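Position 55 (the sequence shown) corresponds to 55 in this note's numbering; numbering is contiguous.
Working notes, structure below.
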Amino acid sequence: MQEISREKFCQKLRSAGFAAAFLSAAAGSALESFEHFNGEIFEPFRQTSFLEADANFSGRYFLEHHGPKDQVDEAISKSNFFAAFSLEVQPSHLSDSLAGDHESLVRSLAGTPYLRLRREYESLRGASIEIFLIPVASDPQEIESVVGSIRDNAMFFFFPDETREFHVGNCRWGNGFRLQKKA
């Protein structure tokens, strides 16, 4: 993955139609929905803006194109893509475990083009969020395969609909946020 500036990260998200306020709300809502996990895992995320925090907040930002860049860019320009979110965080009380799993989603999308954006939180040891922008294929079987991969390995995801916007009606929870032992 290529390290990029925070400004370029934000610009890429805006080009895909994501507003900072929306992302903050989406991440906050997602985290609040996992009440059965220890509050220590999520409390720092609740206290920190997901994307455009105050100027004192620092982190590292990354971008990666997988597959044909022009295919991904065209899908983004036409709002015809899936947006899958993956979160990883180190539970403070379980030093040998990790909550979340980016690499399962990466592996499941191996034959699929996508744009992958990553934010690593400096203030939260081992915490990161990744957003995958995945063009919608024309083949129904391919679409079904991608949706299955996203559903099984993303924390939550959005699919395109006739509104060409992201809203609660086109958001689905995935099964990609699980506790695992570190490798």
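Glycine included, every Cβ here is placed at the ideal spot set by N, Cα and C.
This structure is a prediction, so every number in the text was calculated from the model and none was measured.
With a 10 Å radius around its C-beta and 16 neighbouring C-beta atoms as the bar for buried, classify residue i as buried or exposed.
i    : result
P68  : exposed
V168 : exposed
S97  : exposed
R118 : buried
A84  : buried
N153 : buried
G148 : exposed
E142 : exposed
E130 : buried
Give me the DSSP bridge partner(s) of residue i.
i    : result
E3   : F62
V89  : A99
S128 : E88, E120
C171 : F158
Just confirm the distance between the C-beta atoms of residue i and residue j, as a whole number of angstroms; I'd bet it's less than 8 Å.
i   : j    : result
N80 : P135 : 7 Å
Which of helix, strand or coil does DSSP assign to residue i?
i    : result
P140 : helix
K181 : strand
R119 : strand
E165 : coil
F159 : coil
L133 : strand
H107 : First, the amino acid is wrong: residue 107 is Arg here, not His. R107 falls in the helix class under three-state DSSP.
A83  : strand
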